[in-house]
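Take a look at the structure set out below.
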Amino acid sequence: MSYHGGDAAQSGSISDNGQSWMQTMVSGPGIIRLYWKVSSQLGGDYMEFFIDGVRQARISGTTDWQGQSYTITGAIPPMTAAISCTSTTPQIS
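When we follow the working numbering, the leftmost residue of the sequence shown carries the number 873, and every step to the right adds one.
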């Protein structure tokens, strides 16, 4: 899987009430560009993006690639992309 020919990550299968996540640390200043898509149960399963433990964005249902930008002013604590499954097994891309 890739987005415009670049690298991408994909979760494995997630069971009911399960969660999958990945985390990275970056240094600023700069701009973080996040591109993601999801295929999951609308309103029941979510993919969320956090900076310093604060949710910045959340998507659910079936979406195509979406892009978001975040300005980083200096070194920040870990950024996390989390996938939460509350009822059925999503297929997250």
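Positions of the beta carbon are idealized from the N, C-alpha and C atoms, including for glycine.
Can you check the segment 887–934 for any beta strand (DSSP E) of at least 3 residues that lies completely inside it and give the ranges in chain order?
-> 891–896, 902–908, 917–923 and 926–931
Would you mind stating whether I944 and I886 have Cβ atoms separated by less than 8 Å?
-> no
Is Y942 closer than 8 Å to I923 when the C-beta atoms are compared?
-> yes
Which value, in whole angstroms, describes the spacing of the CA atoms of M919 and S932?
-> Distance between the alpha carbons of M919 and S932: 6 Å.
Helix, strand or coil for Q938, going by three-state DSSP, please let me know.
-> strand
With distances taken from CA atoms, which of M894, G884, G877 and G925 is nearest S912?
-> G884
In chain order, what residues of the same chain lie with their CB nearer than 8 Å to the CB of T934, ignoring the 5 residues before and after it?
-> V910, S911, S912 and L914
Can you tell me which of D888, A880 and A881 puts its alpha carbon nearest to the alpha carbon of D916?
-> Reading off the sequence, residue 916 comes out as Gly, not Asp. Restricting attention to D888, A880 and A881, the CA atom closest to the CA of G916 is found in D888.
Distance between G890 and G900 (C-alpha atoms, nearest Å) | 32 Å
Which value, in whole angstroms, describes the spacing of the CA atoms of S892 and G925?
-> 16 Å
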